[in-house]
Amino acid sequence: MANQPASNAKALLESNQKYAERFNQGNLPIPPARKVAVVTCMDARLDPLAFLDAKLGDIHVIRNAGGRVSEDVIRSLVISEQLLGTEEIIVIHHTDCGMLTFKNEDLYARIDDTLGEKAGQEARKYDFLPFADLEESVRQDIETLRQSPLIPENIRIYGGIYDVHTGKVEVIE
Ligand SMILES: [Zn+2]
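Numbering (this note's numbering) for the sequence shown: 12 to 184.
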């Protein structure tokens with residue numbers, strides 16, 4: 012195994028030992044203390060707990076590519092609200108998002124090239140939910156939530172755009 016390239020994933024997993032040694036928050040309740048669910052992007056530059064000044068146990072953070080309100084995000088929100096007591100949702104997209112850089116057709120063509128025709132056909136079953144305008148994508152996702160019978164009207168919904176250069180969230184009214 013000496014010739015195997017170093018694995019960052021393995022190094023990260025090994026680093027957990029140090030975290031666990033100083034970990035002292037093992038008794039938090041399951042429901043998030045601040046009753047808020049945040050939907051945001053998986054982008055490595057975003058640290059939602061930090062930029063919202065929230066602590067471990069405070070909020071649900073549901074992340075995917077773009078922070079889009081997909082079916083699976085609604086699945087998580089229903090569980091968050093119905094079973095774990097959250098009452099408000101914040102949808103946060105961000106500047107310089109990778110989702111602004113391609114269209115579905117580009118990704119389908121790339122998959123044809125890299126993974127072959129069969130994978131390309133499979134990929135075409137997906138809308139990867141890229142977008143061209145940040146404010147519009149936030150508004151669209153808020154609208155999707157408002158239209159869903161699974162998200163009742165008493166759930167307050169907010170939107171924002173996080174700026175990766177300044178750390179500031181611009182609230183979308
Ligand atoms: Zn992003």
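Glycine residues also receive a C-beta, built at the ideal position from the N, C-alpha and C atoms. Everything numeric in this text was worked out from a predicted model, so none of it was measured.
message = For residue 97, count the other beta carbons within 10 Å of its own beta carbon; 16 or more makes it buried, fewer makes it exposed. Which is it?
response = On the sequence shown, position 86 is the one that residue 97 refers to. Label assigned to residue 97: buried.
query = beta strand (DSSP E) containing residue 100: first to last residue?
reply = To locate residue 100, count along the sequence shown from 1; it is residue 89. 99-105 is the extent of the beta strand (DSSP E) around residue 100.
query = Mind checking whether the beta-carbon of residue 54 lies closer than 7 Å to any heavy atom of ligand 1?
reply = Along the sequence shown, read from residue 1 onward, the residue named residue 54 stands at position 43. Because some heavy atom of ligand 1 lies under 7 Å away, the Cβ of residue 54 counts as near it: yes.
request  = Kindly confirm or deny that the stretch 147-156 and the stretch 72-89 touch, where touching means at least three C-beta pairs closer than 8 Å.
outcome  = yes
inquiry  = Does residue 59 pass the burial test, meaning 16 or more other C-beta atoms within 10 Å, or should it be called exposed?
reply    = For the purposes of this step, residue 59 is taken as residue 48 along the sequence shown, with counting starting at 1. Buried is the call here.
task = Please find out if some non-hydrogen atom of ligand 1 comes closer than 7 Å to the beta-carbon of residue 176.
result = Residue 176 sits at position 165 when you count from the first residue of the sequence shown. Every heavy atom of ligand 1 is 7 Å or more from the Cβ of residue 176, so no.
query = Could you check where the alpha helix (DSSP H) with residue 181 kicks off and where it finishes?
reply = On the sequence shown, residue 181 is found 170 positions in, with the first residue counted as 1. Here residue 181 belongs to no alpha helix (DSSP H); instead the beta strand (DSSP E) covers 180-183.
query = Excluding the five sequence neighbours on either side, which residues of its own chain have a C-beta within less than 7 Å of the C-beta of residue 111, listed in chain order?
reply = Sequence index remark: in the sequence shown, residue 111 carries index 100 (1-based). Excluding positions up to five away in sequence, the list reads 142, 143.
ask   = For the candidate residues 181, 182, 174, whose alpha-carbon lies nearest to that of residue 56?
value = The residue given as residue 56 occupies position 45 in the sequence shown. Per the Cα distances, 174.
query = Cβ of residue 109 within 7 Å of any heavy atom in ligand 1?
reply = Your numbering for residue 109 matches position 98 in the sequence shown. Yes - ligand 1 has a heavy atom lying nearer than 7 Å to the Cβ of residue 109.
ask   = Can residue 160 and residue 95 be called in contact, C-beta distance under 8 Å?
value = Counted from its first residue, the sequence shown places residue 160 at position 149. Counted from its first residue, the sequence shown places residue 95 at position 84. No, the pair does not count as a contact, with Cβ atoms beyond the cut-off.
query = How big is the Cα-Cα spacing for residue 126 and residue 139?
reply = Here residue 126 refers to the residue found at position 115 of the sequence shown. Here residue 139 refers to the residue found at position 128 of the sequence shown. Going from the Cα of residue 126 to the Cα of residue 139 covers about 17 Å.
query = Is it true that the stretch 36-54 meets the stretch 100-117, where meeting means three or more beta-carbon pairs spaced less than 8 Å apart?
reply = yes
message = With a threshold of 7 Å (Cβ to nearest heavy atom), would residue 257 be considered close to ligand 1?
response = Any property of residue 257 remains undetermined from this structure, which presents the chain solely from 12 to 184.
ask   = In whole angstroms, what is the alpha-carbon distance linking residue 169 and residue 184?
value = Taking the first residue of the sequence shown as 1, we reach residue 169 at position 158. Taking the first residue of the sequence shown as 1, we reach residue 184 at position 173. Roughly 8 Å between the two C-alpha positions.
query = Looking at residue 45 and residue 69, is the spacing between their C-beta atoms short of 8 Å?
reply = Translated into the one-based positions of the sequence shown, residue 69 becomes position 58. Translated into the one-based positions of the sequence shown, residue 45 becomes position 34. A contact, by the Cβ cut-off of 8 Å.
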